[in-house]
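> Those protein sequence lines, which keep their order, are chains Y and H.
Be aware that the first sequence starts at 1, since it is given in full-length UniProt numbering, and climbs by one per residue.
Be aware that the second sequence starts at 1, since it is given in full-length UniProt numbering, and climbs by one per residue.
Cβ coordinates follow ideal geometry from the N, Cα and C atoms, glycine included.
Below are the structure tokens for one structure; questions will follow.
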Amino acid sequence: MDLTQQHFIALLPLLITSATILVVMLGIAWRRNHTQSFLLSVVGLNLALLSLIPALQVAPLHVTALLTVDRFACFFMALILVATLACVTLAHAYLGEKQGKGYPGNREELYLLMLLAAAGGLVLVSAQHLAGLFIGLELLSVPTYGLVAYAFFDKRSLEGGIKYMVLSAAGSAFLLFGMALLYADAGTLSFAGIGAVLAPAALPGPLVQLGMGMMLVGLAFKLSLVPFHLWTPDVYEGAPAPVAAFLATASKVAAFAVLLRLFQISPAAATPALHDLLTIIAVASILFGNLLALLQSNLKRLLGYSSIAHFGYLLVALVASQGLAVEAVGVYLATYVLTTLGAFGVITLMSTPYNGRDCDALYEYRGLFWRRPYLTAVLAVMMLSLAGIPLTAGFIGKFYIIAVGVQAQLWWLLGALVIGSAIGVFYYLRVMVTLFLMEPNLRRHDAPFNWGQRAGGMMLLLVAVLAFVLGVYPQPLLAMLSTITLG
Amino acid sequence: MILPWLILIPFIGGLLCWLAERRSLTLPRWLALATMGLELLLGLWLWHQGDFQLAPGGGREPSWELEFKYGWIERFGISIHLALDGLSLLMILLTGLLGVLSVLCSWREIQNHVGFFHLNLMWILGGVVGVFLALDLFLFFFFWEMMLVPMYFLIALWGHSAADGKTSRINAATKFFIYTQASGLIMLVAILGLVLANFHSSGVLTFDYALLLKAELAPGVEYILMLGFFIAFAVKLPVVPLHSWLPDAHAQAPTAGSVDLAGILLKTAAYGLLRFGVPLFPNASAEFAPIAMGLGVLGIIYGALLAFAQTDIKRLVAYTSVSHMGFVLIGIYSGSQLALQGVVIQMLAHGLSAAALFILCGQLYERLHTRDLREMGGLWCRLNYLPGVMLFFAAASLGLPGTGNFVGEFLILLGTFKVAPLITVIATGGLVLASVYSLIMIQRAFYGPAKAEGQLRGLDGRELAMLLSLIGLLLWLGVYPQPALDTSYASMHGVQQWLEAAFSQLITAR
Chain Y
1 MDLTQQHFIA LLPLLITSAT ILVVMLGIAW RRNHTQSFLL SVVGLNLALL SLIPALQVAP
61 LHVTALLTVD RFACFFMALI LVATLACVTL AHAYLGEKQG KGYPGNREEL YLLMLLAAAG
121 GLVLVSAQHL AGLFIGLELL SVPTYGLVAY AFFDKRSLEG GIKYMVLSAA GSAFLLFGMA
181 LLYADAGTLS FAGIGAVLAP AALPGPLVQL GMGMMLVGLA FKLSLVPFHL WTPDVYEGAP
241 APVAAFLATA SKVAAFAVLL RLFQISPAAA TPALHDLLTI IAVASILFGN LLALLQSNLK
301 RLLGYSSIAH FGYLLVALVA SQGLAVEAVG VYLATYVLTT LGAFGVITLM STPYNGRDCD
361 ALYEYRGLFW RRPYLTAVLA VMMLSLAGIP LTAGFIGKFY IIAVGVQAQL WWLLGALVIG
421 SAIGVFYYLR VMVTLFLMEP NLRRHDAPFN WGQRAGGMML LLVAVLAFVL GVYPQPLLAM
481 LSTITLG
Chain H
1 MILPWLILIP FIGGLLCWLA ERRSLTLPRW LALATMGLEL LLGLWLWHQG DFQLAPGGGR
61 EPSWELEFKY GWIERFGISI HLALDGLSLL MILLTGLLGV LSVLCSWREI QNHVGFFHLN
121 LMWILGGVVG VFLALDLFLF FFFWEMMLVP MYFLIALWGH SAADGKTSRI NAATKFFIYT
181 QASGLIMLVA ILGLVLANFH SSGVLTFDYA LLLKAELAPG VEYILMLGFF IAFAVKLPVV
241 PLHSWLPDAH AQAPTAGSVD LAGILLKTAA YGLLRFGVPL FPNASAEFAP IAMGLGVLGI
301 IYGALLAFAQ TDIKRLVAYT SVSHMGFVLI GIYSGSQLAL QGVVIQMLAH GLSAAALFIL
361 CGQLYERLHT RDLREMGGLW CRLNYLPGVM LFFAAASLGL PGTGNFVGEF LILLGTFKVA
421 PLITVIATGG LVLASVYSLI MIQRAFYGPA KAEGQLRGLD GRELAMLLSL IGLLLWLGVY
481 PQPALDTSYA SMHGVQQWLE AAFSQLITAR
């Protein structure tokens, strides 16, 4: 296959991100400087984001057999790049701007790893071939092991990193086995090819079903769906806050996007067995995620469990796989990314600069409102958004998911969603009311006073404003998303 | 353009209150008072200059006194569609009035974070006004859910924990929130079901009231969707098996919170039934009417019995609300014009009398620092004015002729008797129970041997003015309810047309 200029334009976001990785690496080799690495990464990510505009002009376009750049891919690329940008900005604040204060080890490599993982995400969302999927997923996962264990002198961070590595590798093994089984039956690795081979048969053979099931297990590990969720709370707790934000947003978005593409293009998922399996996973994720979050006293663990529940909600759209489903996933992921970034952003700023342990115990947030009203308002808006209360972006996402569920008449899943949301409200409110209670005398952590004027703080305020604006006037986002199609 | 301003004024006023807290502690109070005063004046002005002959009704295009429409989320055919008829106007007047009163009654009670308190108070009222005006179902749901958050804060942050320590204010607030949130989601599912069913039959994706009224639904679907709406409204009204959040929320809320909860928030549910629940699904509602009326009777008796058994005076008043709302439920589903008009009077009168009783409870608490009836007794000679005023409102609550409550209950019972004699007879028994619990409350609190010596602080000018104005209004409603009846006539006539058509269809079907 010849690569023309068109193909390069379509690949620009990925190419620019990869170039940024090289530049940052060479920059570190030439001179270790925290601010320099940060600026290079930010400039690169912004350029990659801008390059989506020309890429959209040529979409949809197949670039090699592995990748396809269509509007769907472009949207999720944008989401991943924005999330990475936000995480990089948060990381800069978190590691500490001045030498000698903040993170004691080498700071620069964090950006390198994050960029690598982002590149993996970009590959993943545009994959149209099982090989592309696997390359993307590994490129996304392997740097993430390093990121989770970045604060390796802290026991919990190291433990989280190792746990994530072992379980992620197990997930990858499942994924590979599933692919092999699928290949044995279909004889091709491209999504469309698998779809075409399997379409004539009314019911795919047992090998295909097993293969799809195993792939689902592999991806469910990455998405931390019940019962493959056991790593989530520990890893979220152990990982440094900006890394946890990255795990919860960019990494999950990419994995879910590829899952959606696979299910949309290859009709193998339409078999009753897989359909039931997905339904059970969805109901279990919604209920267990919410129930386990109920009594958490650690904010990062709580957000980890809540993310399990949120991906359970998202599965409702995946099970429906018709009508509004693709659009709904887009809207939900966009609002979820925004909200999660906001929530982890507040945790990051509260723990800034790094001093051994993140500020993640709930009691440390007691009465925060009365001394940091705006920072707390951000966290409160994020909690409301996660709970899906009107005036916040999360409500629009939940509205879409319910619309899809009603459209596809998935009453059991909707029932689970309603119950799950009701349970969820309990712990989101618990966090929220903590922020407004009377202050204790003892405090260990506090955000710097001028947090609002720094890059991380400004980014956070922007996220909060966006979450509010999208909740009140979502029309632009919806208009944009109604055009995302798989090409 | 006045309709969006009715909603925006409380929201803007609330923000100003919050910002004003830095200047001084009394400025937010004055700002909130001015905001709600403006809201009330606007409502009165609208009342004065309109004649309210226009209202939606069965078998014709809905018409409105005032209407406002602006595109919002075109993707789903959602618009900011507001409209006003007699019913919504009366509810807005009640909101404005109780808004003023809730600012006044927290003048001394709230001393912490005054600005943020008034922000929440104003936002609740703004959300409630939105509910009373919204015609787009999405917008309606938006406001319906939105007012929960500030209410939650009001109870959780400024509430009182129960003396026995069994229910803390945070638990009460959370319980309130979860009940209403879960039932709200069921309503959202029903709304979407209705919208998509309409989309399938007509090909138009819309959330607009006027278009959805014409949706053609299969009988089974209509019934299920109606239940979805009914559950949400039944939780908030409350209807008996779903009422258990109410006593906790009331007892733990600060006075202003209780006033708003009992006075206005419960009315949003009755309003929702009258505006959406019945008109959108008239046939299913007609079929469901006997069950709903049965639940209403159950609420009347059960609420009254439980009120009698309470020792916490605020819980007692809270259970009386359950009982009174049972009458509203019976009236709505009776489908008679007389009863429906009675429902409106009952809503207004209960709003005023329950608000007054909660204000009185708050004033008692400020003086005695307890709400336990067992620790009261013999207060009649230790307090100026307050016991007498309380006696008046207790009498109003038991439906004494001359007060608005009597007119409301009487009209409801009279109208329902023709339709469902048995239900009416049992419900009338509720009036006897009402006198029992009202009088026992007065007896336990004010008569008998005094528990302590010494005169307590009497009512001051502010407190007395609030209560006297409520007494005046209740008497006015009781002696000359005609203006309110005229204003709501067209709206209630519309509801009656829907139900009448559905009832006659039901009879021929049988």
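Looking at the strands, I want to know which residues DSSP matches up with D234(Y).
Along the first sequence, read from residue 1 onward, the residue named residue 234(Y) stands at position 234. Note: D234(Y) sits in no beta bridge, so no partner.
> When DSSP builds the beta bridges, which residues end up paired with T68(Y)?
Translated into positions along the first sequence, residue 68(Y) becomes position 68. Per DSSP, H62(Y).
> Taking 9 Å as the cut-off, decide whether the C-beta atoms of F229(H) and G299(H) are in contact.
As a first step, residue 229(H) must be located in the second sequence, where it is residue number 229. As a first step, residue 299(H) must be located in the second sequence, where it is residue number 299. In this structure, G299(H) does not lie closer than 9 Å to F229(H) by Cβ.
> Report yes if the C-beta distance between Y94(Y) and G102(Y) is below 9 Å; otherwise report no.
Your numbering for residue 94(Y) matches position 94 in the first sequence. Your numbering for residue 102(Y) matches position 102 in the first sequence. Yes, the pair counts as a contact, with Cβ atoms nearer than the cut-off.
> Specify, as a first and last residue, the run of the alpha helix (DSSP H) that S168(Y) falls within.
Position 168 of the first sequence, counting from 1, holds the residue named residue 168(Y). Where S168(Y) is concerned, the enclosing alpha helix (DSSP H) stretches over K155 to A186.
> Which same chain residues, not among the five before or five after P4(H), have their C-beta less than 7 Å away from its C-beta?
Along the second sequence, one-based indexing puts residue 4(H) at 4. The answer, listed in chain order, is F68 and L82.
> Can you check whether the C-beta of E145(H) is within less than 9 Å of a C-beta belonging to chain Y?
Here residue 145(H) refers to the residue found at position 145 when the second sequence is read from its first residue. Nearest CB-CB separation between E145(H) and chain Y: below the 9 Å threshold.
> Any beta-carbon of chain Y closer than 9 Å to the one on A156(H)?
One-based indexing of the second sequence puts residue 156(H) at position 156. Yes - at least one Cβ of chain Y is within 9 Å of the one on A156(H).
> Keeping to the same chain, check which residues put their C-beta closer than 8 Å to that of F142(H); ignore five residues upstream and five downstream.
The residue given as residue 142(H) occupies position 142 in the second sequence. Within the same chain, F142(H) has close Cβ partners G130 and A134.
> Would you mind sorting F153(Y) into buried or exposed? The rule is 16 or more other CB atoms within 10 Å of its CB.
For the purposes of this step, residue 153(Y) is taken as residue 153 along the first sequence, with counting starting at 1. With fewer than 16 other Cβ atoms within 10 Å, it is exposed.
> Using the rule of at least 16 other Cβ atoms within 10 Å of the residue's Cβ for burial, across every protein chain shown, is residue 488(Y) buried or exposed?
Any question about residue 488(Y) goes unanswered here, given that chain Y covers just 1 to 487.
> When DSSP labels each residue in this structure, what does I80(H) get in the three-state scheme?
Counting from one through the second sequence, the residue named residue 80(H) turns up at place 80. Residue state, collapsed to three classes: strand.
> H113(H) CB to nearest chain Y CB: under 9 Å?
Taking the first residue of the second sequence as 1, we reach residue 113(H) at position 113. Answer yes: the Cβ-Cβ gap between H113(H) and chain Y drops below 9 Å somewhere.
> Under 8 Å by Cβ, that's how I've got L45(Y) and V24(Y) pegged, so tell me the actual separation to the nearest angstrom.
Taking the first sequence and counting its residues from 1, the one referred to as residue 45(Y) is at position 45. Taking the first sequence and counting its residues from 1, the one referred to as residue 24(Y) is at position 24. 11 Å between Cβ atoms; not a contact.
> Output the boundary residues of the alpha helix (DSSP H) element that contains W370(Y).
Reading the first sequence from its first residue, position 370 is the one you call residue 370(Y). Per DSSP, W370(Y) belongs to no alpha helix (DSSP H) and is neither H nor E.
> Could you name the residues of the stretch 370 to 392 of chain Y whose beta carbon sits closer than 7 Å to any beta carbon of chain H, in the order they occur along the chain?
L384, I389, P390 and L391
> Using only the alpha-carbon positions, how far apart do G296(H) and I224(H) sit?
Start at 1 with the first residue of the second sequence, and residue 296(H) comes out as number 296. Start at 1 with the first residue of the second sequence, and residue 224(H) comes out as number 224. Going by the C-alpha atoms only, they are around 20 Å apart.
> Within this structure, are the beta carbons of L478(Y) and R75(H) separated by less than 9 Å?
Numbered from 1 along the first sequence, position 478 holds the residue referred to as residue 478(Y). Numbered from 1 along the second sequence, position 75 holds the residue referred to as residue 75(H). Contact flag set, yes.
> Report buried or exposed for N283(H), applying the criterion of at least 16 other Cβ atoms within 10 angstroms of its Cβ.
By 1-based counting over the second sequence, the position of residue 283(H) is 283. Buried, since its Cβ has 16 or more Cβ neighbours within 10 Å.
> Report yes or no: is there a C-beta of chain H within less than 9 Å of the C-beta of I402(Y)?
Here residue 402(Y) corresponds to residue number 402 of the first sequence, with the count starting at 1. It does: the Cβ of I402(Y) has a partner Cβ on chain H nearer than 9 Å.
> Does the Cβ-Cβ distance between A215(H) and S201(H) come in under 9 Å?
As a first step, residue 215(H) must be located in the second sequence, where it is residue number 215. As a first step, residue 201(H) must be located in the second sequence, where it is residue number 201. Going by C-beta atoms, A215(H) is nearer than 9 Å to S201(H).
> Looking only at its own chain, which residues have a Cβ that is under 6 Å from the Cβ of A349(H), when we skip the five neighbours before and after it?
Locating residue 349(H) in the second sequence gives position 349, counting from the first residue. Answer for A349(H): G404, N405, G408 and L477, listed in chain order.
> Mind checking which residues open and close the alpha helix (DSSP H) that includes S70(H)?
As a working mapping, residue 70(H) is identified with position 70 in the second sequence. According to the sequence shown, residue 70(H) is Tyr rather than Ser. Taken as a continuous stretch (DSSP letters only), Y70(H) belongs to no alpha helix (DSSP H), being part of the beta strand (DSSP E) at L66 to I73.
> Beta-carbon of F153(Y) versus every beta-carbon of chain H: anything under 9 Å?
Numbered from 1 along the first sequence, position 153 holds the residue referred to as residue 153(Y). No - not a single Cβ of chain H is within 9 Å of the one on F153(Y).
> Would R32(Y) count as contacting chain H if we go by Cβ distances under 9 Å?
Translated into positions along the first sequence, residue 32(Y) becomes position 32. Judged by the 9 Å Cβ criterion, R32(Y) is not in contact with chain H.
> In three-state terms, what does DSSP make of N298(Y)?
By one-based count along the first sequence, residue 298(Y) stands at place 298. Taken through DSSP and simplified to helix, strand or coil, N298(Y) comes out as strand.
> Report the partner residues of H129(Y) according to the DSSP bridge assignment.
Within the first sequence, residue 129(Y) is the residue found at index 129, counting from 1. S190(Y), per the DSSP bridge assignment.
> In angstroms, rounded to a whole number, what distance separates the CA positions of H493(H) and L87(H)?
As a first step, residue 493(H) is located in the second sequence; it is residue number 493 there, counting from the start. As a first step, residue 87(H) is located in the second sequence; it is residue number 87 there, counting from the start. C-alpha separation (whole angstroms): 11 Å.
> So if I threshold CB-CB distances at 8 Å, which residues from the stretch 460 to 487 of chain Y count as touching chain H?
Y473, P474, Q475, L478, A479 and S482
> So with Cβ pairs under 9 Å, would you call Y223(H) a contact of chain Y?
Residue numbering aside, residue 223(H) sits at position 223 when the second sequence is read from its first letter. Not one chain Y Cβ lies under 9 Å of Y223(H).
> Would you please verify whether the beta carbon of Q322(Y) is less than 9 Å from any beta carbon of chain H?
Taking the first sequence and counting its residues from 1, the one referred to as residue 322(Y) is at position 322. It does not; no Cβ of chain H falls within 9 Å.
> Kindly list the residues whose CB is nearer than 7 Å to the CB of G71(H), restricted to its own chain and excluding five residues on each side of it in sequence; keep chain order.
Numbered from 1 along the second sequence, position 71 holds the residue referred to as residue 71(H). Only S79 meet the Cβ criterion.
> By a C-beta neighbour count over all protein chains shown, 10 Å radius and 16 as the cutoff for buried, is N112(H) buried or exposed?
Position 112 of the second sequence, counted from the start, is the residue given in the question as residue 112(H). Label assigned to N112(H): exposed.
> Under three-state DSSP, which class holds A239(Y)?
On the first sequence, residue 239(Y) is found 239 positions in, with the first residue counted as 1. Coil.
> Please report the residue range of the alpha helix (DSSP H) in which F392(H) lies.
Position 392 of the second sequence, counted from the first residue, corresponds to residue 392(H). F392(H) -> alpha helix (DSSP H) spans L386 to S397.
> Thinking C-alpha only, which one of E364(Y), I401(Y) and A380(Y) is nearest F311(Y)?
Start at 1 with the first residue of the first sequence, and residue 311(Y) comes out as number 311. Answer by Cα proximity: I401(Y).
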